[in-house]
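Trainee: Heads up, the sequence shown is in the UniProt record's numbering, so the first residue is 1 and it goes up one at a time.
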Amino acid sequence: MEALKKAIQERGNVLSDHVLKVDSFLNHQVDVELMAAIGTEFAKRFADEQITKVLTIESSGIAPSFMAAHYLESPLIFARKKKSLTMNDHVYVSQVYSFTKQETNDITVSKDFLQAGDRVLIIDDFLANGQAAKGLIEIVEQAGASVSGVGIVIEKSFQNGRKLLEEQGYRIESLARIAALSDGQVRFIEDRLTTTSTN
Ligand code: G4P
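See below:
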């Protein structure tokens with residue numbers, strides 16, 4: 001997605017060979033126009049999937065998935081990392097291990113909002129090692145619902161996340177795929193070729 005790649009190039013900061021800072025438009029200050037374009041793109045890519053719920057994880061997944069849910073005309077659910085005051089034990093729980101932080105956290109979703117029969121699109125801001133997506137998939141499975149796909153804003157293709165999810169047969173759509181971060185530069189994997197129809 002060109003507008004996203006442009007934002008990454010012009011407004012992102014390469015902090016190291018494996019960390020990209022995007023807090024000026026994605027995960028601290030949010031570029032709302034760009035989020036609308038991202039939401040439109042996800043909705044287009046998953047238009048044929050009869051999505052009934054969009055599922056993400058707080059906090060940085062919320063902005064892009066909110067717009068995707070809007071254009072897919074679906075509710076958005078975000079998994080919580082801390083149980084809310086009003087949450088009881090009527091919840092699905094899974095564990096997410098963060099390689100970055102080297103800690104495991106429970107994530108929870110109320111059973112009220114995800115049921116068998118739901119066709120779920122999982123969305124997140126980053127795909128690194130795939131642990132957040134894996135935890136969200138486990139929650140969908142606990143509900144007896146199905147995962148229609150995984151939508152990622154920025155995939156770090158040099159980490160293992162895509163491989164992990166593809167091995168389990170999931171469809172992954174990443175709007176920007178980063179081949180490498182080095183010498184302060186971002187190198188993208190070239191987008192797949194798309195064919196255009198004239199009718
Ligand atoms: P994984 O879920 O794919 O296994 O990723 P990992 O454990 O490596 O990432 C943990 C957190 O770090 C996630 O956010 C993820 O979005 C974020 N992250 C991973 N790589 C990058 C990167 O290159 N740049 C930035 N800015 N973030 C990255 P989180 O801790 O859940 O935070 P938040 O969603 O509450 O903001």
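Using N, Cα and C, we set each Cβ at its ideal position, and we do this for glycine too.
Given Ala3, which residues of its chain have a CB within under 8 Å of its CB, disregarding the five upstream and five downstream residues?
Mentor: Leu34, Ala37
Trainee: At the 8 Å Cβ level, is Asn105 part of the contact set with chain D, yes or no?
Mentor: The displayed structure is made up of one protein chain only, and chain D is not part of it.
Trainee: Can you find the residues in the same chain that come closer than 8 Å, C-beta to C-beta, to Ser49, ignoring five residues on each side of it along the sequence?
Mentor: It is Glu, not Ser, that sits at residue 49 in the sequence shown. Cβ neighbours of Glu49 beyond the five flanking positions: Arg119, Leu121, Ser148, Gly149.
Trainee: Check whether the Cβ of Leu127 lies closer than 7 Å to any heavy atom of the ligand G4P, and answer yes or no.
Mentor: yes
Trainee: I'd like to check one pair, Ala43 with Ala63: are the Cβ atoms closer than 8 Å?
Mentor: no
Trainee: If we call anything under 8 Å between Cβ atoms a contact, is residue 200 one with Arg171?
Mentor: Look at the range of the chain in this structure, 1 to 199, and you will see that residue 200 is not part of it.
Trainee: Using 8 Å as the Cβ pair cut-off and three pairs as the minimum, do the region 155-165 and the region 122-131 touch?
Mentor: yes
Trainee: Quick one: residues in its chain with C-beta nearer than 6 Å to the C-beta of Arg11, no 5 flanking neighbours on either side, listed in chain order?
Mentor: Ser24, Phe25
Trainee: What residue range does the alpha helix (DSSP H) around Ser60 cover?
Mentor: The continuous stretches of alpha helix (DSSP H) do not include Ser60, and DSSP gives it neither H nor E.
Trainee: Can you tell me the Cβ-Cβ gap for Ile123 and Ser65, rounded? I've got them flagged as a contact below 8 Å.
Mentor: 4 Å
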